[in-house]
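Quick notes on the structure that follows.
Residue numbers (our numbering), protein chains in the order written: chain A, 1 to 312; chain B, 1001 to 1265.
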């Protein structure tokens, strides 16, 4: 099967900032792919390269098996895009804009468009300029989904959406995946996409650091546990359990972090009187930060340090 | 429905500016045609021109105001109408790609199956239509004014003068379009086009007085616009060809430049 997106050594020196360098990215068709990185990491630059809005310094990329420059119109017929800084024709109403964009596309399933408008609770009678950021975003999302594209490229799509609409948006993405379409979502906020995506790519300072299955990232997820026992417990009973680290025992309270399965720890703890178990699943944010750990993570690293300190 | 294509959308965007500019230029021309008999009775226009001497030529050369045709040529077609038409065409043209770029709508537009070249071309055709509609409005209102005041104004010559006016506007419009497409900078596009118009106007007007300027006179597009005095003598195909060629060259430049460039985020 042709990959939805395939880049090889994609490089763009872009203005004064660095742009992106040597990005080898493959997104399989039929997946929801999260493209993660802090602001300014090169997410939008990569996306705009894929859309031929800017031209790479070296090596071309392929979208749906087609050359992003040479086969531009063929790609445009099958791909929709919602930019991060979404600007729409502000003098038009939502309805007029959807009509215009639908006409540019050529074919739109009107029933599906109306369903989308309902599901996202969009008021299409208002002029774009009078809409809030979230409502503008909804217009963009309806426009993107209504053409039933083979690939959706969504740059920070959930910005400004209220939680209910965000949930509806996630359902739309999942439905698109069920229909075999590919969804490519960029975000700088991991928790927003971690339960939605099959795979994530992590980009920083213009370089793609890693592409991982969400499942395997979660497998490596750390869980921080705090167990209150009815009486003092011996440290030795818990030492050397598989996956258990950072073990401390402070009288009746045990603290540790566990990687992977909790089985061994729980079975051992069951020998004693357990009053309470508190568990904090570390978010992908922390794994995400672990990738960045080597560099100057500034405030982000402090966050992890702070959490670690609290658990110690 | 105008929201069918980039062309239609552009026409939609331009409908009110076109209406107002056409009405403004038309009302002005119609007003002069209507009041010409009164003016010519009140003032001996030709002797006033004679008193002004060479300065009159700065305001538009061929000083014969003893007919409505001469009067319109002097009062409107030599300076005010071309200035308005050029500003109108250059303003429209510069707003297209640069306007969509600075507003950020170009990203969405180009993610639809519309090529960059088609965007430029469809918008360019819309400018042509805007200029023609404005010119037709002038034609209708001028003839109406002339009919009411029973002043002779040949419709065919007026149309030919307006063809030259449109061609001049389009030439500067194409220059603005090329700058806008190449730079994404709307202000630069309007500024250069209008600045160029002023310089070219002065070259042509001063060349009528200062002999030394005659050698560079062909560099001015006004030379081709006014050279044949189309309101009196009709079209000169050579002049038409020069203005059309300039328009064509800059349109191609706009297409090529816009097609190759990294677009602003």
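Built from N, CA and C at the ideal position, the CB exists for glycine as well.
Please report the distance separating the alpha-carbon of residue i from that of residue j.
i: residue 1115(B); j: residue 1121(B); result: 10 Å
i: residue 1142(B); j: residue 1153(B); result: 9 Å
i: residue 20(A); j: residue 187(A); result: 16 Å
i: residue 80(A); j: residue 65(A); result: 16 Å
i: residue 1002(B); j: residue 222(A); result: 57 Å
i: residue 1199(B); j: residue 1168(B); result: 14 Å
i: residue 249(A); j: residue 234(A); result: 8 Å
i: residue 208(A); j: residue 53(A); result: 20 Å
i: residue 84(A); j: residue 1194(B); result: 36 Å
i: residue 73(A); j: residue 1157(B); result: 46 Å
i: residue 1038(B); j: residue 1075(B); result: 15 Å
i: residue 1203(B); j: residue 1007(B); result: 36 Å
i: residue 1034(B); j: residue 1150(B); result: 8 Å
i: residue 93(A); j: residue 130(A); result: 9 Å
i: residue 1247(B); j: residue 1160(B); result: 18 Å
i: residue 274(A); j: residue 153(A); result: 49 Å
i: residue 238(A); j: residue 227(A); result: 12 Å
i: residue 171(A); j: residue 197(A); result: 12 Å
i: residue 247(A); j: residue 264(A); result: 14 Å
i: residue 1024(B); j: residue 1072(B); result: 15 Å
i: residue 1188(B); j: residue 1177(B); result: 11 Å
i: residue 27(A); j: residue 6(A); result: 7 Å
i: residue 1232(B); j: residue 1069(B); result: 7 Å
i: residue 117(A); j: residue 101(A); result: 15 Å
i: residue 200(A); j: residue 141(A); result: 21 Å
i: residue 1170(B); j: residue 1091(B); result: 11 Å
i: residue 1061(B); j: residue 1241(B); result: The predicted model places residue 1061(B) with a pLDDT of 46, which falls under 50 and marks its position as unreliable, so this point remains unresolved.
i: residue 35(A); j: residue 157(A); result: 12 Å
Select from the options the residue whose C-alpha is nearest the C-alpha of residue i.
i: residue 1264(B); options: 1181(B), 1139(B), 1151(B) and 1240(B); result: 1181(B)
i: residue 8(A); options: 57(A), 167(A) and 204(A); result: 57(A)
i: residue 1010(B); options: 1255(B), 1125(B), 1220(B) and 1192(B); result: 1125(B)
i: residue 245(A); options: 251(A), 237(A) and 255(A); result: 255(A)
i: residue 230(A); options: 159(A), 181(A), 269(A) and 22(A); result: 269(A)
i: residue 38(A); options: 189(A), 279(A), 157(A) and 271(A); result: 189(A)
i: residue 161(A); options: 121(A), 216(A), 247(A) and 200(A); result: 121(A)
i: residue 137(A); options: 243(A), 88(A), 119(A) and 107(A); result: 88(A)
i: residue 1205(B); options: 1013(B), 1019(B) and 1079(B); result: 1079(B)
i: residue 146(A); options: 99(A), 123(A), 128(A) and 157(A); result: 99(A)
i: residue 217(A); options: 253(A), 237(A), 260(A) and 224(A); result: 260(A)
i: residue 108(A); options: 77(A), 6(A), 134(A) and 28(A); result: 77(A)
i: residue 1097(B); options: 1042(B), 1077(B) and 1184(B); result: 1184(B)
i: residue 1028(B); options: 1138(B), 1004(B) and 1101(B); result: 1138(B)
i: residue 1219(B); options: 1209(B), 1104(B), 1237(B) and 1243(B); result: 1243(B)
i: residue 1228(B); options: 1163(B), 1245(B) and 1255(B); result: 1163(B)
i: residue 33(A); options: 212(A), 164(A) and 258(A); result: 212(A)
i: residue 86(A); options: 134(A), 55(A) and 62(A); result: 134(A)
Which chain B residues sit within Cβ distance under 9 Å of residue i?
i: residue 105(A); result: 1112 and 1113
i: residue 72(A); result: 1110, 1113, 1115 and 1116
i: residue 83(A); result: 1104, 1107, 1108, 1111 and 1265
For a contact meaning CB atoms closer than 8 Å, what does residue i contact in chain A?
i: residue 1034(B); result: Within 8 Å Cβ-Cβ: nothing; residue 1034(B) doesn't reach chain A, min ~36 Å.
Quick one: which chain A residues come within Cβ less than 7 Å of residue i?
i: residue 1105(B); result: 87, 88 and 89
i: residue 1081(B); result: By Cβ distance, chain A contributes nothing, its closest Cβ being about 29 Å from residue 1081(B), past 7 Å.
i: residue 1009(B); result: 100
Mapping DSSP to helix, strand and coil, what is residue i?
i: residue 1233(B); result: helix
i: residue 9(A); result: strand
i: residue 21(A); result: strand
i: residue 159(A); result: coil
i: residue 1262(B); result: coil
i: residue 1256(B); result: helix
i: residue 968(B); result: With chain B covering only 1001 through 1265, there is no way to say anything about residue 968(B).
i: residue 1210(B); result: coil
i: residue 1031(B); result: helix
i: residue 89(A); result: coil
i: residue 36(A); result: strand
i: residue 1105(B); result: helix
i: residue 1001(B); result: coil
i: residue 28(A); result: coil
List the residues of chain E whose Cβ lies closer than 7 Å to the Cβ of residue i, in chain order.
i: residue 1003(B); result: Included in the structure are the protein chains A and B, with no chain E among them.
Which residues of chain B have a Cβ atom closer than 7 Å to the Cβ of residue i, listed in chain order?
i: residue 113(A); result: Neighbours of residue 113(A) on chain B: none; closest Cβ ~14 Å, over 7 Å.
i: residue 191(A); result: Per Cβ cutoff of 7 Å: no residues; residue 191(A) is ~26 Å from chain B at best.
i: residue 76(A); result: 1111, 1112 and 1113
Any heavy atom of the ligand NAD closer than 6 Å to the CB of residue i?
i: residue 1115(B); result: For the ligand NAD, the structure offers nothing, since it holds no ligand at all.
For residue i, return the contacting residues in chain B, with the cut-off set at a CB-CB distance below 8 Å.
i: residue 80(A); result: 1111
Subject >> the region 27-54 of chain A: positions lying closer than 9 Å to chain B by Cβ >> reply: Against chain B - using a Cβ distance shorter than 9 Å - the residues of the region 27-54 of chain A are 44, 45, 48, 51, 52, 53 and 54.
Original post:
Quick one, which residues of the region 1179-1192 of chain B are near chain A if we go by CB-CB under 8 Å, in chain order?
Top reply: Correct list: empty, as no residue qualifies.
**OP:** Determine which residues of the region 240-266 of chain A have a Cβ less than 9 Å from any Cβ of chain B, and write them out in chain order.
**Re:** Using a CB distance below 9 Å, no part of the region 240-266 of chain A faces chain B.
**OP:** Can you give me, in chain order, the residues of the region 1239-1265 of chain B that have a beta carbon less than 7 Å from any beta carbon in chain A?
**Re:** Taking 7 Å as the Cβ-Cβ cut-off against chain A, the residues of the region 1239-1265 of chain B that qualify are 1262, 1263 and 1265.
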